[in-house]
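Heads up: the sequence shown begins at 12 in the numbering used here, then just goes up one per residue. Glycine included, each C-beta is placed from N, C-alpha and C at the ideal position. Below is one structure; the comments refer to it alone.
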Amino acid sequence: MQSKREMPKLRFKFCLAVLPVFLLASAVSGIRHPFYVSICQIDHNSEAKSLEITFKIFTDDLEKVLEAQGTGKLYLGDPREAQEADRYLYNYLKNQVVIVVNGDTATFRYVGKEVEMDVTWCYVEIAPVTEVKKIAVTNRILLEIYEEQTNLVHVKAGGRQKSMLLRKGNVTDTVEF
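What follows is the structure, given as structure tokens:
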């Protein structure tokens, strides 16, 4: 997994990759956060033999879905943040996201989170993954509260990137490298 010092650089590259989507949505809508989108970036690190996974989710939506599950107010990124916030986030992610690598269902390890303005970045890792030939992703993030939720998934392996667009009625897709 990337070191804490490398995460801002990775986050910057990730922002550059997804910024056009958010700018287009903002320009079209003209309203603050009227669209429901999460972004998942999956990068195969061949040196570390792992998948490094970053989720970008609007904080207010994330808190809303977790509170609906009975967590109480989490105050993500606030000095009042609930002590169990990371545990709740990890449990939510592992219940909403399933990743199958080369035919094997993977278990991910929660690395941490960062809250920045109105967005929460969640980091998880799957290891060992020596190579990626085929990856299937099921992503149900926020679908239990927003019918119009869209979950973008970008997978980078072997120097190539492929993307998936997941939403209600189509929560699973597969890419091959």
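According to the neighbour-count rule (16 or more other Cβ atoms, all chains shown, within 10 Å of its Cβ), is M175 buried or exposed? buried
Any 3 or more C-beta pairs closer than 8 Å across the segment 157-171 and the segment 90-97: no
From this set, Y121, G81 and D115, which residue's C-alpha is nearest D97's C-alpha? Y121
Roughly how many whole angstroms lie between the Cα atoms of L153 and E74? 10 Å
Simplified DSSP state of L77, which is helix, strand or coil: helix
In the structure shown, what three-state DSSP assignment does L100 receive? helix
Assigned exposure category for K145 - 16 Cβ within 10 Å defines buried: exposed
Nearest-angstrom beta carbon gap, N150 and C51 [assumed within contact, 8 Å]: 6 Å
If I follow the unbroken beta strand (DSSP E) through E187, where does it start and stop? T183 to E187
Taking the alpha-carbon positions, what's the V130 to H55 distance? 24 Å
By the DSSP assignment, the beta strand (DSSP E) with A168 in it spans what residues? T161 to A168
Span separating the alpha-carbon of T141 from that of S57: 6 Å
What residues match up with Q107 in a beta bridge as DSSP calls it? Q107 is not bridged to any residue.
Here's the rule I'm using: 16 or more other beta-carbon atoms within 10 Å means buried, otherwise exposed. How should N181 be labelled? exposed
When the Cα atoms are used, what is the spatial distance from E159 to S49? 12 Å
Find out if the Cβ-Cβ distance for the pair V126, F119 is shorter than 9 Å. no
Taking V164 and V143 to be in contact with their CB atoms under 8 Å, please state how far apart those CB atoms are, rounded to whole angstroms. That pair is no contact at about 13 Å.
Considering only the alpha carbon of each residue, which of T116, Y157, E78 and A138 lies closest to T185? T116
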